[in-house]
Amino acid sequence: MQFMLLFSRQGKLRLQKWYVPLSDKEKKKITRELVQTVLARKPKMCTFLEWRDLKIVYKRYASLYFCCAIEGQDLELITLEIIHRYVELLDKYFGSVCELDIIFNFEKAYFILDEFLLGGEVQETSKKNVLKAIEQADLQEEAETPCSVLEEIGLT
Amino acid sequence: MPAVSKGDGMRGLAVFISDIRNCKSKEAEIKRINKELANIRSKFKGDKALDGYSKKKYVCKLLFIFLLGHDIDFGHMEAVNLLSSNKYTEKQIGYLFISVLVNSNSELIRLINNAIKNDLASRNPTFMCLALHCIANVGSREMGEAFAADIPRILVAGDSMDSVKQSAALCLLRLYKASPDLVPMGEWTARVVHLLNDQHMGVVTAAVSLITCLCKKNPDDFKTCISLAVSRLSRIVSSASTDLQDYTYYFVPAPWLSVKLLRLLQCYPPPEDAAVKGRLVECLETVLNKAQEPPKSKKVQHSNAKNAILFETISLIIHYDSEPNLLVRACNQLGQFLQHRETNLRYLALESMCTLASSEFSHEAVKTHIDTVINALKTERDVSVRQRAADLLYAMCDRSNAKQIVSEMLRYLETADYAIREEIVLKVAILAEKYAVDYSWYVDTILNLIRIAGDYVSEEVWYRVLQIVTNRDDVQGYAAKTVFEALQAPACHENMVKVGGYILGEFGNLIAGDPRSSPPVQFSLLHSKFHLCSVATRALLLSTYIKFINLFPETKATIQGVLRAGSQLRNADVELQQRAVEYLTLSSVASTDVLATVLEEMPPFPERESSILAKLKRKKGPGAGSALDDGRRDPSSNDINGGVEPTPSTVSTPSPSADLLGLRAAPPPAAAPATSGAGNLLVDVFSDGPAAQPSLGPTPEEAFLSELEPPAPESPMALLADPAPAADPGPEDIGPPIPEADELLNKFVCKNNGVLFENQLLQIGVKSEFRQNLGRMYLFYGNKTSVQFQNFSPTVVHPGDLQTQLAVQTKRVAAQVDGGAQVQQVLNIECLRDFLTPPLLSVRFRYGGAPQSLTLKLPVTINKFFQPTEMAAQDFFQRWKQLSLPQQEAQKIFKANHPMDAEVTKAKLLGFGSALLDNVDPNPENFVGAGIIQTKALQVGCLLRLEPNAQAQMYRLTLRTSKEPVSRHLCELLAQQF
């Protein structure tokens, strides 16, 4: 896989993960182009498309589009299920995940993705194993978090 | 919101994100962000040391701001500090920030290497995993240099945790992809292969990806993986749907791993060991059997996972291409998907069947689905699916179904999406030619193409029909009759007029016996279209008219009247005017015999690969023409479809000058003036053939013509000469460059010496040297014959604005060149400012009384004035960034035309003139160069980067210069060289 993008129906980018080295400029250009292309497609259409020399596989979950770019010999169907497994992981972690969870806890969304995919390849498909790593971190975090008054009201 | 309870302690971050979301406008958002940036900056700069938690929070805010699309220019140090924290979540945020923000060549990498080293050595598996993720996410060469040696050790160490092994495997894969030279194979490779036996499915899943990549480069070292992969696969496909617990996905056991194993096996031919092979075939059959079983779940995830394995299995079966039984079963399975309610499955089935169609074992089985595919072409609502259907029809076409497929594609063309019309036109044209049983069908098909989609019928297509009609006398009468009828439609496409004009000009006599298509009727039919046509078509029609005068003397008076009309003789377009003047004179001065010789029927075209096929290949990439390339399915089809048999030329080849005159110096007349953009296409089709329209065949009558028009150019070819240089005053009114001129020029972009041109008469050699903005060039003209050249005069001409851009001083040479002798001409060149087009070199002389002329492009391109510049990586990147305006950059991604050899590439880049900079690009496969173009008026700094991709056989070339046209031009010049 070369990259994965999450964006909303309004075209707002919510998560971007690049597995090939590209300049920021190129990334922005690609994102703009793909968001436009994918949003223009109708519901019953095929969710695979040829784009440059890559294949794009996307799927919509509620207000969010998950969009992956894969290479010629990669399989579209299994990529759809990579997307689905990632959604399941988010869902299990957040408990019925919604777009807001990903906005406010973007760092967690990245951590979960890193446990699941690494370097563009599937690393671990077991939900249990992926989330074990993340939850361990959360337990530590709770122990670490100081709660000052200022912090409570969000002033720092 | 459960998220809050999930240890989300960073309330400040949540508040900030809410604020941003509440911003009503972009301006408000930017204001809020600037406020936050100021706040964070002051915290980072403050005297009070921040605790780890605050640092984490601020770094996280910065990351959020960056991900919104804003630039972040500080905070990196704080993030690096977080890496050495002992607290997992702080470390984690630090690593995330680095992974997202550090582009691969940042200075920062050196700073973080230490922290990564510590974590890798920490023996704390969670820390080790974070470090490995970071290396994999950045994946740069520096990372490889620092860690490529350590990671294999971690991967195969007996005491590494499973999760660490998984991350290490994929981390190594990423480094290997970025810089394969940094990952030395060693004793660890054998142990990596054995990870396929690991008990932990996650470890196997990660390891297979690594092994698949490594074994492509070293297939022999990894051969043992075949049997291990087969047995692993066999265990998975035969396991019950719940055996694998958490690795079962919607009742499908380990789909990701299965797909990866099947992919790994595609790196090798079928297993040699009979037992292994037997076991594998059993697996493949099991997968095919399972596809027939009722689904265990209605969920799409179940069927997707199951079908993913099925499709990868089919890929493997096609890869082996040795099991007819499995191939046919695969085809039947895909056949079921062709009518599946899921659009995605229909799309994939059509795509997959295309490859099955090219196997001799399954071609027939694919053909049985023709009706379904035709139906898909007609009814699919998604254009990308229809496109796949069209591809499949093309792939499954052979002699037996060509008529049906071609007629369906023609019908589809009427409603086809604009985006794919041209491609369909090309496909129809190719199939019609390839599988024509009789050529009248072929002619009908192409004329239908023009009728239905005239705008999408490219030159290649209609040139091709002319070539075929010219070469096959059995179809000429039919073609004349058919075009005559087609032209009677009140509104017909201009391409039809072109084809009609050409064919009637050549073969109108074959239908002239019928009073309904008598010569005057033919003429007035064509002339009724004349005024609505473009200049190119009118020029072609004028040539048809002069041919008519020869074919049908009774039309002479009428046609002369037309030529004589003020609208022709004084036409504003110089090409039309010239044709009218010359044809009129020709028709009134020449005797019938002379006319008949000058205007005789065109000789057959030499055989070569269909230029249409070449065009389709360019459009679709290699393999697109495969249906036609491999004759194995249809070996009997070569009789008439191998194109047209080469016929011995019927042209009189009067003098030894025929080559120069007839085939080289003759500008391709039809397109030369008006369809100027078509120059390259003409090279393709007519590179050594006569022109695409009724034209004056090569004749011995030059002297005759030159007497006709005393002061005019000596060559009869001036009749059709490119009018462009007419703007260039003076005696050197020269013809357009020969068709190969660009190709010849390209050979000299990266070198200064060599043979520029050679034909039977003349050889031209070049030696040149350039310094700063000055150059000196020696041209050597060698007379290859035994006869003296007379009036020998080579001149240099500056088309367009070139005069103000480049000064070329030439010295006269002797007007006589003896047989076998060589003369030398010295050119002094000064580059005044940047320029795009090279000067032209026009060579004229008389050989045996016959005037010869030849125009070439002088090998002076802007890169000759390059001065190489050495610089350090830091300077390079600084300058690279300075040239970041979009118009300063030009980029091209293109296929390699030559073998990708690093040494050759280096030599070419040095020849191109730039310095080659080592140790600048993090990827050692890439080339980076720098130089300054020296001109009198200004200097243009140029940076270039060439990234070869050996796997894809592609290059990406990026040029940045301070001048927009220079970037583009250099990019084009250089891209041609690989």
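Going down the list, the sequences are from chains E and Y.
Position 153 of the first sequence, counting from 1, maps to 153 under the UniProt record's numbering, and the rest follow consecutively.
Position 953 of the second sequence, counting from 1, maps to 953 under the UniProt record's numbering, and the rest follow consecutively.
Just so it is clear, CB atoms sit at the ideal spot from N, CA and C, and this is done for glycine as well.
Nearest-angstrom Cα separation, counted from residue j out to residue i
i	j	result
Tyr502 of chain Y	Gly754 of chain Y	40 Å
Lys24 of chain Y	Asn34 of chain Y	16 Å
Phe3 of chain E	Arg329 of chain Y	35 Å
Glu964 of chain Y	Glu972 of chain Y	13 Å
Ala930 of chain Y	Asn137 of chain Y	30 Å
Met353 of chain Y	Leu426 of chain Y	21 Å
Gly820 of chain Y	Leu827 of chain Y	23 Å
Leu15 of chain E	Glu107 of chain E	10 Å
Ala190 of chain Y	Ala229 of chain Y	14 Å
Tyr583 of chain Y	Ser567 of chain Y	15 Å
Phe337 of chain Y	Val383 of chain Y	18 Å
Gln977 of chain Y	Cys215 of chain Y	32 Å
Leu50 of chain Y	Pro899 of chain Y	57 Å
Asp684 of chain Y	Glu740 of chain Y	Note that Asp684 of chain Y scores a pLDDT of 32, beneath 50, so its modelled location is shaky and nothing firm can be said.
Asp688 of chain Y	Thr415 of chain Y	Here Asp688 of chain Y scores only 36 on pLDDT, less than 50, and its place in the model is too uncertain to base an answer on.
Pro180 of chain Y	Lys117 of chain Y	21 Å
Val281 of chain Y	Leu310 of chain Y	14 Å
Ser42 of chain Y	Lys48 of chain Y	10 Å
Glu758 of chain Y	Ile764 of chain Y	6 Å
Val749 of chain Y	Val860 of chain Y	8 Å
Ser695 of chain Y	Ala539 of chain Y	Per-residue confidence for Ser695 of chain Y stands at a pLDDT of 40, beneath the threshold of 50, marking its modelled position as unreliable; the derived number appears in the next sentence. Each residue's alpha carbon lies about 11 Å from the other.
Chain Y contact residues for residue i, given Cβ-Cβ distances below 7 Å
i	result
Thr47 of chain E	Asn344
Tyr110 of chain E	Leu96
Thr37 of chain E	In chain order: nothing, as chain Y lies at least about 11 Å away.
Ser126 of chain E	Gly202, Asp246, Tyr247
Ile70 of chain E	Near Ile70 of chain E there are no residues of chain Y at all, since even the closest Cβ is about 12 Å away, more than 7 Å.
Lys7 of chain E	First, the residue type needs correcting, since residue 7 of chain E is Phe and not Lys in the sequence shown. Those do not exist, as Phe7 of chain E stays about 12 Å from chain Y at its closest Cβ, beyond 7 Å.
The alpha helix (DSSP H) enclosing residue i, as first and last residue numbers
i	result
Ile933 of chain Y	Segment 927-934 is the beta strand (DSSP E) holding Ile933 of chain Y; no alpha helix (DSSP H) there.
Ala489 of chain Y	Taken as a continuous stretch (DSSP letters only), Ala489 of chain Y belongs to no alpha helix (DSSP H), as it is neither H nor E.
Cys971 of chain Y	964-975
Pro152 of chain Y	150-156
Asn746 of chain Y	741-747
Pro868 of chain Y	Here Pro868 of chain Y belongs to no alpha helix (DSSP H); instead the beta strand (DSSP E) covers 866-868.
Boundaries (first-last residue) of the beta strand (DSSP E) holding residue i
i	result
Phe523 of chain Y	Where Phe523 of chain Y is concerned, there is no enclosing beta strand (DSSP E), although the alpha helix (DSSP H) it sits in stretches over 519-530.
Met4 of chain E	3-8
Gln852 of chain Y	850-857
Gly754 of chain Y	754-758
Cys67 of chain E	64-70
Lys17 of chain E	13-18
Check: residue i C-beta below 7 Å from any heavy atom of the ligand FAD
i	result
Leu595 of chain Y	As far as ligands go, the structure on display features none, and thus does not contain the ligand FAD.
Residue(s) in a DSSP beta bridge with residue i
i	result
Asn949 of chain Y	Y:Met954
Thr482 of chain Y	DSSP output for Thr482 of chain Y lists no bridge partner at all.
Tyr320 of chain Y	DSSP lists no partner for Tyr320 of chain Y.
Ser768 of chain Y	Y:Met777
residue 1015 of chain Y	The requested residue 1015 of chain Y is not part of the displayed model; chain Y covers only 1 to 978.
residue 200 of chain E	Past the edges of chain E, shown from 1 to 156, lies residue 200 of chain E, and the structure says nothing about it.
Gly941 of chain Y	Y:Ile932
Under 8 Å by beta carbon: chain Y residues contacting residue i
i	result
Ile103 of chain E	Ile17, Arg21
Val87 of chain E	Chain Y residues near Val87 of chain E: none, gap ~10 Å exceeds 8 Å.
Chain E residues whose Cβ lies nearer than 8 Å to that of residue i
i	result
His133 of chain Y	Asp114, Leu118
Phe311 of chain Y	Leu75, Leu77
Chain Y contact residues for residue i, given Cβ-Cβ distances below 9 Å
i	result
Phe66 of chain E	Simply none; closest approach about 14 Å.
Lys44 of chain E	Thr343, Arg381, Asp382
Listed by chain order, chain E residues near residue i by CB distance under 9 Å
i	result
Val535 of chain Y	Under the 9 Å cutoff, chain E gives no residues; its nearest Cβ is about 37 Å from Val535 of chain Y.
Arg844 of chain Y	The contacting residues do not exist; Arg844 of chain Y stays about 48 Å from chain E at best.
*Which runs of the alpha helix (DSSP H) spanning at least 4 residues fall entirely within the segment 582-606 of chain Y, listed in chain order?*
592-598
*May I have a chain-ordered list of the beta strand (DSSP E) segments no shorter than 3 residues that lie completely inside the segment 15-86 of chain Y?*
none
_Give the list of continuous alpha helix (DSSP H) stretches no shorter than 4 residues that lie fully inside the segment 896-928 of chain Y._
902-912
*Could you name each continuous alpha helix (DSSP H) segment of 4 residues or more that falls completely within the segment 414-499 of chain Y, going from the start of the chain to the end?*
418-434, 439-453, 459-471, 473-487
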